[in-house]
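**Student:** Using this note's numbering, the letters of the sequence shown map in sequence onto residues 1 to 218.
Note that the Cβ used here is the ideal one computed from N, Cα and C, for glycine as well.
Note that the structure is a prediction, hence the values are computed from the model and not measured.
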Amino acid sequence: MTRKSAQLDEQLHEYLLRHGPRPDTLQLELIEDTQRLLPDSADMQISPEQASLLTLLAKAIRAEYAVEVGTFTGYSALAIARGLGKDGRLLCCDVSTEYTDVARHFWHRAGVSERIELRLAPALDTLRALENAAVIDLSFIDADKTGYIAYWNEIVPRTRSGGFIVVDNVLAGGRVLHERQDESAHAIHEFNRYALRDQRVELTMLPISDGITLARRR
Ligand SMILES: C[S@@+](CC[C@H](N)C(=O)[O-])C[C@H]1O[C@@H](n2cnc3c(N)ncnc32)[C@H](O)[C@@H]1O
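1) Using 10 angstroms around the beta-carbon of Gly88, count the other beta-carbons present and answer buried if the total reaches 16, otherwise exposed.
2) The beta strand (DSSP E) with Gly83 in it runs from where to where?
3) Just verifying my parser: in three-state terms, what is the DSSP assignment at Leu124?
4) Over the uninterrupted beta strand (DSSP E) stretch that includes Thr71, give me the two end residues.
5) Using the beta-carbon count (16 or more within 10 Å), is Arg115 buried or exposed?
6) Since Glu14 is in the alpha helix (DSSP H), which residue starts that stretch and which ends it?
7) Give a yes or no on whether the C-beta atoms belonging to Gln27 and Tyr75 are separated by under 8 Å.
8) Going residue by residue through the stretch 107-168, where are the continuous beta strand (DSSP E) segments of at least 3 residues, counting only ones entirely within it?
9) May I ask whether a heavy atom of ligand 1 can be found less than 7 Å away from the beta carbon of Cys93?
Encoded structure:
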């Protein structure tokens, strides 16, 4: 039996949040506005510990060019943008004007609008239209789960050696274990199997929030 990650109950999660970097006033406002304006979809937003991880990772690898697939109200994009170098650029892919109008408002207030380009189109179209050179430093995949393998296959070859790809929801709320998986959980399960066999990357899966895969391009 190997050692396993801590199970976080409410109290331990609260402790983790109190002893990690707190969301600042603007991030808290973004979280609250998302819950108020989009109560039925707000749980799509990443957690504060994911946000600080994305910022830290962007800084650690000195990311200058990042790509996000699935932007929603902009919390993860804000986190990535804050970790980029001074000439850094972030390309965001989403299909919803309603969601991303909220994002634009907060990016403007955070002073990161200039470094973010938002493309409102199916992410696969946006990714396929990118140049083929391996120039991406950091990507975050967090959109429709059935598209994960296709997004991955557009992003991996365009990622520079040593660049990172972060993939969200890889535990699908535990539904990856179900014998009869729903479409989304099945797609995630297939993605997890696919990514593990992909010799172009080395990866680890972390039990943060709904599970993330952290992959490094060889
Ligand atoms: C889980 S949310 C992203 C959450 C976001 N990363 C955050 O931190 O708040 C998924 C997003 O993917 C977008 N989406 C769904 N299907 C898409 C597609 N085919 N192309 C681009 N975006 C898509 C949705 O509009 C939604 O905003």
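**Tutor:** To lay it out plainly:
1) buried
2) Note, Gly83: premise wrong, no beta strand (DSSP E); alpha helix (DSSP H) at Tyr75 to Gly83.
3) helix
4) Per DSSP, Thr71 belongs to no beta strand (DSSP E) and is neither H nor E.
5) buried
6) Glu10 to Arg18
7) yes
8) Those beta strand (DSSP E) runs which fall completely within the stretch 107-168 and span 3+ residues are 116-120, 136-141 and 159-168.
9) yes
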